[in-house]
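In terms of our numbering, the sequence shown opens at residue 6 and continues consecutively. C-beta atoms are modelled at their ideal positions from N, C-alpha and C, and glycine is treated no differently. First the structure, in the form of structure tokens, and then the observations on it.
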Amino acid sequence: MNPLETALVSLIHSETSPETVFKALAEQPEVGIATLFTAIEGKLISFPPNGYFRDIIENLEGVLWLLAEANPQPVIDALETHPQHAVSLVWALGSSKSPLALKALIQASTHKEPWVRWAAAEGLVRFKRKTLLPVFHRLLRDRSSTVAFTALEGLHKLKDPRSKEALEIYLRKKSLAMGARQLAEETLAAILEKAETSQ
């Protein structure tokens, strides 16, 4: 086994941290990401029977998060080479504040798979930029209520008057995700209040 594989096995057995694996992966990110996905797929070694599967996967995906934070380009490139892991990759890109990551997240927000769009929306919310209003307005109309709710969270953080019409249209829907109506109404009220005080 090479040093990265050894570090991944230690992480699977909870004997090391994602940060330790990240150091080994950062030396050859393209090769490292492929090896990381081999581990996530359970093809490097079998997951321990007494381990908590979700915790193991979260630790392995935590390595991707660290890589995207430090250098998003290999993670962006992996969207082409490992499309079956798009959710994990896009989720990791949400940890970056890089313009490259922002561009990739906007692109991923139009992906055919709803969970990829959701991961992209989550990442975009973290940027908290008014330039993303058109993207959030589009995502608010997404056929996935989870994606739309995440876009609503982005609009709630921004409370920009330009979102008034998009929120009013959203509130006309008969079926909304749990808590969505209340959050949309609160956001709209805050926008209207802000507009009144600025006059």
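Check whether the Cβ atoms of residue i and residue j lie closer than 8 Å to each other.
i: L157; j: L107; result: no
i: E66; j: S93; result: yes
i: V121; j: A109; result: no
i: L163; j: K135; result: yes
i: L71; j: P34; result: no
i: T192; j: L160; result: yes
i: E152; j: G128; result: What sits at residue 152 in the sequence shown is Val, not Glu. Going by C-beta atoms, V152 is not nearer than 8 Å to G128.
i: L144; j: R167; result: no
i: I17; j: I61; result: yes
i: F141; j: H87; result: no
i: L84; j: A44; result: no
Tell me whether residue i sits in a helix, a strand or coil according to DSSP, three-state version.
i: E201; result: helix
i: Y175; result: helix
i: K232; result: Any question about residue 232 goes unanswered here, given that the chain covers just 6 to 204.
i: G184; result: coil
i: H142; result: helix
i: K28; result: helix
i: K164; result: coil
i: S149; result: coil
Quick check on residue i: buried or exposed, where buried means 16 or more other Cβ atoms within 10 Å of its Cβ?
i: A39; result: exposed
i: P77; result: buried
i: G47; result: exposed
i: S100; result: buried
i: V36; result: exposed
i: I81; result: buried
i: L69; result: buried
i: P79; result: buried
i: T155; result: buried
i: S180; result: exposed
i: L197; result: exposed
i: A125; result: buried
i: N55; result: exposed
i: A195; result: exposed
i: A200; result: exposed
Looking only at its chain, what residues have a beta carbon closer than 7 Å to the beta carbon of residue i, apart from the 5 residues adjacent to it on each side?
i: F58; result: F52
i: P8; result: A29
i: E10; result: T40, L49
i: R131; result: G99
Within the same chain, show all residues whose beta-carbon is closer than 6 Å to that of residue i, passing over the 5 residues directly before and after it, in chain order.
i: S149; result: P119
i: D147; result: A153
Considering only residues of the same chain and omitting the five flanking positions on each side of residue i, which have a CB-CB separation below 8 Å?
i: E173; result: L193
i: A182; result: S150, T151, A153, F154
**Study point:** Minimum length 4: unbroken alpha helix (DSSP H) runs contained in the segment 77-140
**Key:** You should have 77-86, 91-98, 104-113, 119-132.
Check your understanding: What residue ranges within the segment 6-69 form continuous alpha helix (DSSP H) runs of no fewer than 4 residues, ordered along the chain?
Key -> Taken in chain order, the whole alpha helix (DSSP H) runs of length 4 or more contained in the segment 6-69 are 8-17, 23-31, 34-45.
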